[in-house]
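So the structure is just underneath, and the comments pick up after that.
2 protein chains.
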Amino acid sequence: MIYMCAATMKGFKITTSLRNALTKFLEKVEVKIDYEDIPIESALHRVLAEDVIAKYDLPPFNRAAMDGYAIKSEDSRGASIETPIRLKIVGRLEAGFFKNINIGSFEAVEIMTGSKVPDQADCVIMAEYTRRVSEDIVEIYQQLPPWTNIDQAGSDIHKGDLVLTKGTILEPPDIGVLKALRIEKVKVFKKPKVGLISTGDELIDSFEIVEGGCKIIENNQIMLSNYIIEDGGEPLKYGIISDEFEAIRKIIIKAASECDIILLTGGSSVGRKDLVPKVINEIGVILAHGISIKPGKPTGLALVEGKPLIIMPGYSVACIISYLVFCQPLIQKFLNINPKLIKLTVNAYLTRRLPSTAGRTDFVRVSVFRKNGEFYASPIRSTGSGILSSLVKANGLLEIPDEIEGYEEGAKVPIILLRRQIPENGVNE
Amino acid sequence: MIYMCAATMKGFKITTSLRNALTKFLEKVEVKIDYEDIPIESALHRVLAEDVIAKYDLPPFNRAAMDGYAIKSEDSRGASIETPIRLKIVGRLEAGFFKNINIGSFEAVEIMTGSKVPDQADCVIMAEYTRRVSEDIVEIYQQLPPWTNIDQAGSDIHKGDLVLTKGTILEPPDIGVLKALRIEKVKVFKKPKVGLISTGDELIDSFEIVEGGCKIIENNQIMLSNYIIEDGGEPLKYGIISDEFEAIRKIIIKAASECDIILLTGGSSVGRKDLVPKVINEIGVILAHGISIKPGKPTGLALVEGKPLIIMPGYSVACIISYLVFCQPLIQKFLNINPKLIKLTVNAYLTRRLPSTAGRTDFVRVSVFRKNGEFYASPIRSTGSGILSSLVKANGLLEIPDEIEGYEEGAKVPIILLRRQIPENGVNE
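Order-wise, the sequence lines are chains A and B.
Using the working numbering, read the first sequence as starting at 3 and increasing by one per residue.
Using the working numbering, read the second sequence as starting at 3 and increasing by one per residue.
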């Protein structure tokens with residue numbers, strides 16, 4: 003019965019659990035932290051590599067918050083509609099034009115919102131609570147405490163305040179604050195360079211495929227590139243390498259010297275030529291090969307010259323899962339992103355029962371839709387790891403952890419959204 | 003008592019409800035749909051302006067899904083470990099190298115995963131269920147139905163299939179599918195051009211502010227630019243315009259001729275110089291000025307030469323709310339994005355009571371954090387519409403609709419996340 007025995011010798015005899023593999027991998031990877039100074043104009047979504055301390059007050063001066071008259075608050079004591087107080091107008095200030103007008107007792111300066119308030123004034127009375135008696139006399143009808151209607155210098159941000167902390171992903175308001183604080187450049191973490199190598203003699207990059215030929219278009223690199231850009235990395239494409247030991251060895255060594263992370267797609271099956279594992283065993287170390295996830299089982303995790311290398315399945319769906327599970331957290335590690343990012347997730351009702359094998363983490367492509375304000379997730383039936391059309395139909399992903407044997411119809415489950423567009427009232431199939 | 007009366011004459015006498023204002027605005031805006039053809043390499047997050055129909059089958063040919071032997075399924079009838087069937091090996095096919103080997107009865111071709119399967123074969127028997135007896139003889143131990151272990155041409159995507167629909171925001175997998183289908187360029191909606199004009203003599207763009215001066219840095223344009231980029235528009239900066247009727251009139255007319263949407267910040271208060279409303283009343287029409295939202299009340303909605311123009315408050319926080327509420331949906335209208343986008347939202351427990359005024363939509367900046375797997379939202383206390391520091395502290399926004407008078411402490415409320423980073427176990431203040 004040696005033949006049955008032969009059958010079990012195929013494939014990955016021992017697979018590593020997702021949790022173990024990921025933890026071990028992230029531990030072993032040494033992250034070389036690298037910075038660069040960039041102008042704030044190009045800082046959107048970059049990650050701060052320094053704390054930002056305010057060098058100036060905001061507002062930079064006492065600013066009138068209303069149109070009216072800058073006065074000494076003590077002069078308003080007792081003012082009311084019945085007992086108005088008359089003040090002498092000694093000047094007028096428009097926003098953006100300033101001269102420090104001397105304000106004496108019972109004197110006022112007409113002032114517009116946004117103007118700098120003269121030093122001797124400590125409040126602004128709104129125009130509505132005044133009446134202009136003549137060219138240079140105003141009556142006021144309100145008693146004001148000091149600092150009424152004045153945005154005091156530094157009341158928003160004080161010189162010396164910690165404004166933004168290291169590790170912040172810069173969003174539009176942050177960049178607005180940097181600009182207001184007269185900061186022209188910020189120190190950010192360099193984007194990790196992610197090298198993309200595809201192996202396989204059947205692959206071509208060109209659109210000029212020969213009709214009736216035996217080549218297929220390599221499409222994982224363009225997909226992965228776009229994910230890498232979204233996640234804050236910089237993709238470097240190394241193209242398609244033929245299935246030859248020396249060619250694969252050379253390109254991996256080149257990529258390891260130029261990149262922070264290497265993604266190698268195709269050639270990850272234990273069958274076929276076993277070339278990639280052979281090469282890596284010579285120039286690096288394989289930490290795990292064969293992970294208990296579906297799809298994505300043929301994924302391998304390795305280190306070459308200290309650089310993390312992920313051997314990814316060539317089939318696109320498995321390739322993407324492998325990327326999301328292993329490469330995304332790695333990029334975040336290089337970017338020092340902490341705390342963890344929130345993934346766009348909704349709780350949805352399953353439209354049908356979904357069995358799963360315990361001891362394996364399943365990633366199920368689902369089609370999410372909205373109906374009467376609730377989300378529903380319909381598992382996509384064509385689940386082959388090479389089925390590209392399923393990637394277009396899927397707008398969500400359900401992770402079934404290895405200890406769970408599936409879900410019943412109607413179960414409420416968390417769905418990671420792969421798209422921000424969710425159709426209303428219908429199945430997206 | 004004319005003075006009390008005078009007091010009420012200030013400000014926006016009649017404000018429009020958010021719902022009414024937005025509906026009316028979106029209805030009145032005529033959208034000129036504009037397309038462009040772009041290479042798929044730069045198509046990430048662009049919006050498809052055409053349906054994409056597959057011109058080729060995927061896979062493009064019958065593809066071996068396993069390493070093994072391509073055979074005629076009828077030749078495997080009755081094969082088992084006890085009753086092996088011997089086949090003559092007439093060739094070998096590696097992935098990417100093909101010649102159409104003629105397979106006769108009881109003949110087999112050794113084949114690798116990914117290879118094109120010869121025409122006469124209709125299944126691939128896995129190597130595990132075979133034994134190589136000699137150089138040109140293989141024994142098989144399994145009976146196979148037709149098409150076993152073959153990914154048939156077109157089984158993923160058929161020539162003629164509708165693959166992606168108009169209005170789809172292109173995500174990485176879509177671009178992978180386009181590449182696989184040998185599509186080099188796609189028709190997408192042109193990014194709407196959003197013109198940014200700031201008014202105010204107190205504003206400067208330069209970092210070389212004079213210490214002790216009365217100018218402040220204009221920082222709304224850089225903030226709005228980044229939001230516009232995130233939302234799929236193209237920002238055009240027109241800089242800072244001084245508070246002069248003719249200067250404002252000229253720049254608005256210029257922007258209206260060059261842009262699809264115009265955002266005018268600063269100068270939106272009814273007080274001060276009233277210049278902007280005056281200008282717009284001459285060259286266009288104001289649909290609403292003064293909206294029942296907080297912050298953002300001074301927002302105005304107008305049309306100039308058929309182009310939508312939003313008069314936005316100069317204070318940054320109000321400016322951002324005004325953008326999110328009125329400009330974002332407008333950009334989506336120009337991009338034909340349908341269905342509506344999902345905003346990254348979490349349900350969180352309020353850490354304190356939050357009063358709100360009925361008849362007004364309040365947008366409350368909150369600090370969201372996670373504790374024991376639940377989300378909590380802590381309203382930020384410094385709520386002035388000019389307080390930049392609150393924008394840095396806030397990672398979420400709570401919309402309190404106009405019919406609701408606030409929430410109690412502990413209420414579970416939906417929070418729109420302004421950042422994808424959420425701290426664990428603590429208040430982000």
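All residues carry an ideal CB built from backbone N, CA and C; glycine is no exception.
Residues, ordered as in the chain, of the stretch 84-109 of chain B that lie near chain A by beta-carbon distance below 7 Å:
Answer set for the stretch 84-109 of chain B: 96, 97, 98, 99, 100.
Nearest to residue 208 (chain A) (by Cα), restricted to the options B:307, B:67, B:226, B:184
Here the closest residue by C-alpha is B:184.
Three or more C-beta pairs under 8 Å: does that hold for the stretch 344-355 of chain B against the stretch 406-423 of chain B?
As far as the Cβ criterion goes, the stretch 344-355 of chain B touches the stretch 406-423 of chain B, which means the pair count is three or higher.
Can you list, in chain order, the residues of its chain with a C-beta nearer than 7 Å to that of residue 358 (chain A)? Leave out the 5 residues immediately preceding and following it.
Result list for residue 358 (chain A): 364, 402, 406, 407, 408, in chain order.
Taking residue 422 (chain A) as the query, report the chain B residues whose CB atoms sit under 8 Å from its CB, ordered along the chain.
Within 8 Å Cβ-Cβ: 171, 343, 344.
Given residue 139 (chain A) as reference, the closest of A:305, A:246, A:92, A:160 once Cα atoms are compared
Selection A:305, A:246, A:92, A:160 evaluated against residue 139 (chain A) yields A:92 as nearest (Cα-Cα).
Taking DSSP's pairing of strands, which residues face residue 263 (chain B) in a bridge?
Residue 263 (chain B) pairs with B:196.
Would you please verify whether the beta carbon of residue 179 (chain A) is less than 7 Å from any beta carbon of chain B?
At a cut-off of 7 Å between beta carbons, residue 179 (chain A) contacts chain B.
Whose CA, out of B:301, B:200, B:310, lies closest to the CA of residue 32 (chain B)?
Distance from the Cα of residue 32 (chain B) is smallest, within the candidate group B:301, B:200, B:310, for B:310.
Examine chain B for any beta-carbon lying closer than 7 Å to the beta-carbon of residue 505 (chain A), and answer yes or no.
The question about residue 505 (chain A) has no answer here: the residues shown for chain A are numbered 3 through 431.
So is residue 398 (chain B) in contact with chain A if we call contact Cβ pairs under 7 Å?
Not closer than 7 Å to any Cβ of chain A, the Cβ of residue 398 (chain B) fails to qualify, so no.
If the cut-off is 7 Å on Cβ atoms, which residues from the stretch 248-260 of chain A count as contacting chain B, listed in chain order?
If the cut-off is 7 Å between Cβ atoms, the stretch 248-260 of chain A has nothing near chain B.
Go to residue 395 (chain A), then tell me how far its alpha helix (DSSP H) extends in each direction, as first and last residue.
Looking at the DSSP string, the run of the alpha helix (DSSP H) that includes residue 395 (chain A) is 390-395.
Just the Cα atoms here: how many angstroms apart are residue 52 (chain A) and residue 424 (chain B)?
Straight across, the Cα-Cα distance linking residue 52 (chain A) with residue 424 (chain B) is about 19 Å.
Quick one, are the C-beta atoms of residue 163 (chain B) and residue 45 (chain B) less than 7 Å apart?
No; because the gap between Cβ atoms is not below 7 Å, this pair is not in contact.
Using the beta-carbon count (16 or more within 10 Å), is residue 134 (chain B) buried or exposed?
Counting C-beta atoms within 10 angstroms of its own C-beta, residue 134 (chain B) has fewer than 16 neighbours from the protein chains shown and is therefore classed as exposed.
Threshold first: 3 residues or longer. Then list the beta strand (DSSP E) segments lying entirely within the stretch 114-141 of chain A, N to C.
As far as the stretch 114-141 of chain A is concerned, its whole beta strand (DSSP E) runs of at least 3 residues are 125-128, 132-136.
For the putative contact between residue 198 (chain B) and residue 245 (chain B), defined by C-beta atoms under 8 Å, what is the C-beta separation to the nearest angstrom?
Approximately 17 Å separates the beta-carbon atoms of residue 198 (chain B) and residue 245 (chain B); this is outside 8 Å, ruling out the contact.
Go ahead and pull the three-state DSSP assignment for residue 57 (chain B).
Note: residue 57 (chain B) maps to coil in three-state DSSP.
Using DSSP with H/G/I as helix, E/B as strand and the rest coil, what is residue 286 (chain B)?
Look at residue 286 (chain B) here: in three-state DSSP terms it is strand.
What residues from chain A crowd round residue 405 (chain B), counting only those whose CB sits closer than 9 Å?
Going along chain A, no residue has its Cβ under 9 Å from residue 405 (chain B), so there is no contact; the nearest lies around 17 Å.
Extent of the continuous beta strand (DSSP E) run through residue 432 (chain B)
Examination of residue 432 (chain B) is not possible in this model, given that chain B is present from 3 through 431 alone.
Contact set between residue 378 (chain A) and chain B, taken where Cβ atoms lie within less than 7 Å
Contact of residue 378 (chain A) with chain B by beta-carbon distance below 7 Å is absent, the smallest such distance being about 14 Å.
How should residue 212 (chain A) be labelled, buried or exposed, when 16 other C-beta atoms within 10 angstroms of its C-beta is the threshold for buried?
Answer is exposed; the Cβ neighbour count stays below 16.
Could you have a look at residue 310 (chain B) and say whether DSSP puts it in helix, strand or coil?
Secondary structure of residue 310 (chain B) (DSSP, three-state): strand.
Residues of chain B with CB closer than 7 Å to the CB of residue 186 (chain A), please, in chain order.
Within 7 Å Cβ-Cβ: 209.
Throw me the rounded Cβ distance for the residue 14 (chain A) and residue 299 (chain A) pair, which I believe falls under 8 Å.
Contact between residue 14 (chain A) and residue 299 (chain A) holds, with the beta-carbon distance rounding to 7 Å and staying under 8 Å.
Is the beta carbon of residue 61 (chain A) sitting closer than 7 Å to the one on residue 393 (chain B)?
No; because the gap between Cβ atoms is not below 7 Å, this pair is not in contact.
Comparing alpha-carbon positions, which option in A:216, A:95, A:383, A:188 lies nearest residue 69 (chain A)?
If we check each option's Cα against that of residue 69 (chain A), A:95 comes out closest.
Do residue 306 (chain B) and residue 258 (chain B) have their CB atoms nearer than 7 Å?
Between residue 306 (chain B) and residue 258 (chain B), the C-beta gap is smaller than 7 Å, which places the two residues in contact.
What span of residues does the beta strand (DSSP E) with residue 179 (chain B) cover, start to end?
For residue 179 (chain B), no beta strand (DSSP E) encloses it; the enclosing alpha helix (DSSP H) starts and ends at 174-182.
Which of the residues in the stretch 299-325 of chain A, read from start to end, lie with their CB under 7 Å from any CB of chain B?
Among the residues of the stretch 299-325 of chain A, those with a Cβ less than 7 Å away from any Cβ of chain B are 318, 322, in the order of the chain.
Starting from residue 1 (chain B), find everything on chain A with Cβ-Cβ shorter than 9 Å and list it in chain order.
Any question about residue 1 (chain B) goes unanswered here, given that chain B covers just 3 to 431.
Where residue 108 (chain B) sits in the DSSP three-state scheme:
Residue 108 (chain B) falls in the coil class under three-state DSSP.
In chain C, what lies closer than 9 Å to residue 224 (chain A) by C-beta?
Annotation note: the requested chain C is absent from the structure, which comprises protein chains A and B.
Thinking just about the alpha-carbon of each residue, which of A:361, A:369, A:333, A:381 is nearest to the one in residue 48 (chain A)?
Comparing alpha carbon positions, the residue from A:361, A:369, A:333, A:381 closest to residue 48 (chain A) is A:333.
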